[in-house]
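J.: Okay, handing you the structure first.
2 protein chains.
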Amino acid sequence: MNPLINKLKKYGPLSQEAEIAIAKRTKHLIKKKHEHLLKQGQTLSSYFLIEKGLIRGYFYSNHKEVNAWFGIENEVYASILPVYANLPSLENIQFLEDSIVYSIAVDDLNELYQLYPELNLIGRKIAEEVCMILEERINSLHTESATERYQWLISKYPYLLRRVSLGHIASYLGITQETLSRIRK
Amino acid sequence: MNPLINKLKKYGPLSQEAEIAIAKRTKHLIKKKHEHLLKQGQTLSSYFLIEKGLIRGYFYSNHKEVNAWFGIENEVYASILPVYANLPSLENIQFLEDSIVYSIAVDDLNELYQLYPELNLIGRKIAEEVCMILEERINSLHTESATERYQWLISKYPYLLRRVSLGHIASYLGITQETLSRIRK
DNA sequence: TGCTTTTTTTGATATAGATCAAAATCGGTT
DNA sequence: AACCGATTTTGATCTATATCAAAAAAAGCA
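Protein chains in written order, with this note's numbering: chain C, 690 to 874; chain D, 690 to 874.
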């Protein structure tokens, strides 16, 4: 069984048939560093899981790239806008390392939701979990200083320090590279 | 039919029986300005709709109140943490005007999800919609100046200016009252 | 291994927004 | 209408972070 399905089953029950149908629609991608999983304006991946590697979600603000999140092994990620509204994504998703990904395309997912309504419980749990992660991020940006945000980040995701450049981390934190370099000392 | 159910039906289909069961569990609250719908640590309301009035969600950061969101007439709101994890809320919800609210308690909602799995589609859509709202908020806090955030807020929710004090708005924007007062000119 | 490119650090200066204090204005109550 | 408490504005100063420029260090590549 593929690890994406495995992970989905943690959120709720899945019939044998649903499992097979999902497996049939799951894509197994092998990507090199710097390649994209998704570019702004596309409607491709919706739910995906990284088997190996590292990924960043980013968008453009004033013609500059801004990192919105990082993704790592063994977590389910969702591009919610395409799932919710079947609209093209506003963000770009790029690999920061050579990576292996399992993903389900938006069209396939929508079909699966119709064929196997039981999937809606899993989808609800995933979206609710995303809400909680986003709320934590909002509180951090809303009330914490750059130093506090940095300390929170490295305490929660220490591997980022080793695997991601300082510039990418600064962009995620909403500060400049220079400021982050100074915070580190 | 109560307006909360009416609104839920915009997100997905609901059987006659489910509708009746939800109606039976919907509470109709009439609250005065300054009263609370929910205090930190409680597990009460999950989904609710304001028929009349205005509400704020806030939490404490360094012993000071910080406004996280405002709620107005005719929108469905959800305290996601209690729904997702059946854990007490981290936030407080207080009325800023005399208000009338329809709400479903967490325990009732969980029961309803079990009895009427069709509700999961609606719950998924609501959570996905919340995700999109939260993402917009993150981008705003992440990339915009105080002035830009303020302009975005009043262009999107002009009534807040009339119905909410400057201090509450400043707290929501993550700036001081004095700064907001200066921005306004 | 040495060279080129990218990333990180350091320095000097500028700016948005915070803080503290006080004055002015508004709003509800009698 | 007049008062009292709450809200908003104004002023002076301080601080965190940005900006611009350049040096130093690290990483990728021939």
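Cβ coordinates follow ideal geometry from the N, Cα and C atoms, glycine included.
1. Against D:Tyr747, what residues of chain C qualify as contacts under a CB-to-CB distance less than 7 angstroms, listed in chain order?
2. Which residues share a DSSP beta bridge with C:Trp758?
3. Kindly confirm or deny that the stretch 810-820 of chain C and the stretch 764-773 of chain C touch, where touching means at least three C-beta pairs closer than 8 angstroms.
4. Select from the stretch 822-839 of chain D all residues with a C-beta closer than 8 angstroms to any C-beta belonging to chain C, and list them in chain order.
5. Assuming C:Lys722 and C:Leu785 make a contact with CB atoms under 8 angstroms, what is their CB distance in whole Å?
6. Please go through the stretch 815-847 of chain D and give each complete alpha helix (DSSP H) segment of 4 or more residues, from N-terminal end onward.
7. Looking at the structure shown, is D:Ile769 part of a helix, part of a strand, or coil, going by DSSP?
8. Give the secondary structure of C:Ser734 by DSSP, where H, G and I count as helix, E and B as strand, and everything else as coil.
9. Indicate whether the contact test is met: 3 or more Cβ pairs, each with one atom in the stretch 722-735 of chain C and one in the stretch 783-803 of chain C, closer than 8 angstroms.
10. At a CB-CB cut-off below 9 angstroms, which residues of chain C make contact with D:Leu770?
11. Beta carbons nearer than 8 angstroms to chain D: which residues of the stretch 800-811 of chain C have them?
12. Terminal residues of the continuous alpha helix (DSSP H) containing D:Lys698?
13. D:Leu810: buried (16+ other C-beta within 10 angstroms of its C-beta) or exposed?
14. Do D:Ile769 and D:Phe759 have their CB atoms nearer than 8 angstroms?
15. Given that C:Val765 touches chain D, what residues does it touch there, using C-beta distances under 7 angstroms?
16. Assign C:Lys713 to one of three DSSP states: helix, strand, or coil.
17. Taking only beta carbons into account, state which residues of the stretch 843-871 of chain C come closer than 7 angstroms to chain D, listed in chain order.
18. For D:Arg735, count neighbouring Cβ atoms within 10 angstroms of its own Cβ and tell me buried if that reaches 16, exposed if not.
19. Could you tell me whether the stretch 748-756 of chain D touches the stretch 787-796 of chain D, using the rule of 3 or more Cβ pairs below 8 angstroms?
20. Does chain D have any CB closer than 8 angstroms to the CB of C:Val795?
21. Helix, strand or coil, according to DSSP, for D:Glu740 in the structure here?
22. Just by C-beta distance, which residues in the stretch 691-717 of chain C are closer than 7 angstroms to chain D?
T.: Taking the definition as stated:
1. Residue mapping note: residue 747 of chain D aligns to position 58 of the second sequence, counting from 1. By Cβ distance, chain C contributes nothing, its closest Cβ being about 11 angstroms from D:Tyr747, past 7 angstroms.
2. Working through the first sequence from its first residue, we reach residue 758 of chain C at position 69. C:Trp758 is bridged to C:Gly746.
3. yes
4. Leu823, Glu824, Arg826, Ile827, Asn828, Leu830, His831 and Thr832
5. Residue numbering aside, residue 722 of chain C sits at position 33 when the first sequence is read from its first letter. Residue numbering aside, residue 785 of chain C sits at position 96 when the first sequence is read from its first letter. The pair is a contact, with the Cβ atoms about 7 angstroms apart (cut-off 8 angstroms).
6. 835-845
7. Counted from its first residue, the second sequence places residue 769 of chain D at position 80. Reduced to three states, the DSSP call for D:Ile769 is helix.
8. Working through the first sequence from its first residue, we reach residue 734 of chain C at position 45. DSSP places C:Ser734 in strand when its eight states are reduced to three.
9. yes
10. On the second sequence, residue 770 of chain D is found 81 positions in, with the first residue counted as 1. Glu817, Cys820, Met821 and Glu824, listed in chain order.
11. Tyr802, Pro806, Glu807, Asn809 and Leu810
12. Here the question's residue 698 of chain D lines up with position 9 in the second sequence. Unbroken run through D:Lys698: none, as it is neither H nor E.
13. In the second sequence, counting from the first residue as 1, residue 810 of chain D sits at position 121. Buried, because 16 or more other Cβ atoms sit within 10 Å of the Cβ of D:Leu810.
14. For the purposes of this step, residue 769 of chain D is taken as the residue at position 80 of the second sequence. For the purposes of this step, residue 759 of chain D is taken as the residue at position 70 of the second sequence. No, the pair does not count as a contact, with Cβ atoms beyond the cut-off.
15. Residue mapping note: residue 765 of chain C aligns to position 76 of the first sequence, counting from 1. Within chain D, no residue comes near C:Val765; the closest Cβ sits about 14 angstroms away, beyond 7 angstroms.
16. For the purposes of this step, residue 713 of chain C is taken as the residue at position 24 of the first sequence. C:Lys713 falls in the helix class under three-state DSSP.
17. Gly863
18. Start at 1 with the first residue of the second sequence, and residue 735 of chain D comes out as number 46. A quick correction: the sequence has Ser, not Arg, at residue 735 of chain D. D:Ser735 comes out buried.
19. no
20. For this step, residue 795 of chain C is matched to residue 106 along the first sequence. C:Val795 does not count as touching chain D.
21. For the purposes of this step, residue 740 of chain D is taken as the residue at position 51 of the second sequence. The answer is strand: DSSP assigns D:Glu740 an E or B state.
22. none
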